[in-house]
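Novice: Would you mind keeping the following structure in view while I ask a few things?
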């Protein structure tokens with residue numbers, strides 16, 4: 148009997164924007180890209196480019212703070228990859244764990260070799276923009292004025 152593939156988490160990355168200034172706001176896409184690169188470097192910096200080029204699945208946890216038309220596509224573009232599978236979760240509390248489970252299952256079933264699950268929010272930036280009544284500028288020259296009631 149052939150050995151089964153066993154999913155292993157090979158890297159973890161976390162990025163936090165410590166600035167409290169709206170002009171230093173970092174949109175979720177850029178936080179996600181930094182976190183992926185940090186996670187890949189967590190494995191071994193010398194093989195990071197090979198790992199990134201091997202990614203064949205990108206799953207993104209839904210962003211509630213920043214509107215995107217195709218966030219998984221933007222993550223792939225930012226990494227310079229064209230994976231065979233991308234997914235964008237629903238906005239639920241269990242989405243991150245579900246995406247990790249789905250990715251592991253795809254590895255076991257030999258549908259993919261390397262998968263990325265990533266999420267990112269800019270809630271602090273949005274709250275600071277609201278408190279200072281300033282706009283945050285998004286991709287494609289769209290401005291977001293944050294209003295919470």
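Residue numbers (this note's numbering): 148 to 296.
Ideal placement from N, C-alpha and C gives every residue a C-beta, glycine not left out.
With DSSP collapsed to three states, give me the class of residue 249.
Specialist: Residue mapping note: residue 249 aligns to position 102 of the chain shown, counting from 1. Correct three-state label for residue 249: helix.
Novice: Let's see if you can read the secondary structure: which residues bound the beta strand (DSSP E) around residue 233?
Specialist: Indexing the chain shown from 1 puts residue 233 at position 86. Counting along the chain, the beta strand (DSSP E) containing residue 233 begins and ends at 232 to 235.
Novice: Can you look up residue 217 in the DSSP assignment and give me helix, strand or coil?
Specialist: Taking the first residue of the chain shown as 1, we reach residue 217 at position 70. Three-state result, residue 217: coil.
Novice: Using a Cβ-Cβ cutoff of less than 7 Å, which residues in the same chain neighbour residue 223 once the five nearest sequence positions on both sides are dropped?
Specialist: Position 76 of the chain shown, counting from 1, holds the residue named residue 223. Contacts found: 205, 229, 230 and 233.
Novice: Could you have a look at residue 285 and say whether DSSP puts it in helix, strand or coil?
Specialist: For the purposes of this step, residue 285 is identified with residue 138 of the chain shown, where counting begins at 1. Since pLDDT at residue 285 reaches only 49, below the 50 mark, its modelled position is unreliable, and the value read off the structure follows with that caveat. Reduced to three states, the DSSP call for residue 285 is coil.
Novice: Does the pairing of the segment 191 to 198 with the segment 242 to 259 give three or more beta-carbon distances under 8 Å?
Specialist: In short, these stretches do not touch, since the Cβ pair count stays below three.
Novice: DSSP three-state label for residue 206, please.
Specialist: As a working note, residue 206 is residue 59 in the chain shown. Reduced to three states, the DSSP call for residue 206 is strand.
Novice: By alpha-carbon positions, which one of 201, 167 and 160 ends up nearest to residue 183?
Specialist: As a first step, residue 183 is located in the chain shown; it is residue number 36 there, counting from the start. Per the Cα distances, 160.
Novice: Applying the 10 Å Cβ sphere with the 16-neighbour rule, what's the burial state of residue 241?
Specialist: As a first step, residue 241 is located in the chain shown; it is residue number 94 there, counting from the start. Looking at its Cβ environment, which holds fewer than 16 other Cβ atoms inside 10 Å, residue 241 is exposed.
Novice: Measuring CB to CB, does residue 136 end up less than 9 Å from residue 243?
Specialist: Residue 136 lies beyond the stretch modelled for the chain, which goes from 148 to 296, so this question has no answer here.
Novice: Alpha carbon to alpha carbon, what distance is there between residue 247 and residue 213?
Specialist: Taking the chain shown and counting its residues from 1, the one referred to as residue 213 is at position 66. Taking the chain shown and counting its residues from 1, the one referred to as residue 247 is at position 100. Approximately 22 Å between the Cα atoms of the pair.
Novice: Just checking my contact of residue 209 with residue 236 at CB under 8 Å: how many whole Å lie between their CB atoms?
Specialist: Residue 209 sits at position 62 when you count from the first residue of the chain shown. Residue 236 sits at position 89 when you count from the first residue of the chain shown. Indeed they touch by this definition, with Cβ atoms about 5 Å apart.
Novice: From residue 290 to residue 256, what distance separates their C-alpha atoms?
Specialist: In the chain shown, counting from the first residue as 1, residue 290 sits at position 143. In the chain shown, counting from the first residue as 1, residue 256 sits at position 109. Unreliable positioning characterises residue 290 in this predicted model, as indicated by a pLDDT of 38, which lies under 50. The coordinate reading is nonetheless provided below. Computed Cα separation, rounded: 43 Å.
Novice: Any idea which residues DSSP pairs residue 265 with across the strands?
Specialist: Taking the first residue of the chain shown as 1, we reach residue 265 at position 118. BP columns for residue 265 point to 207.
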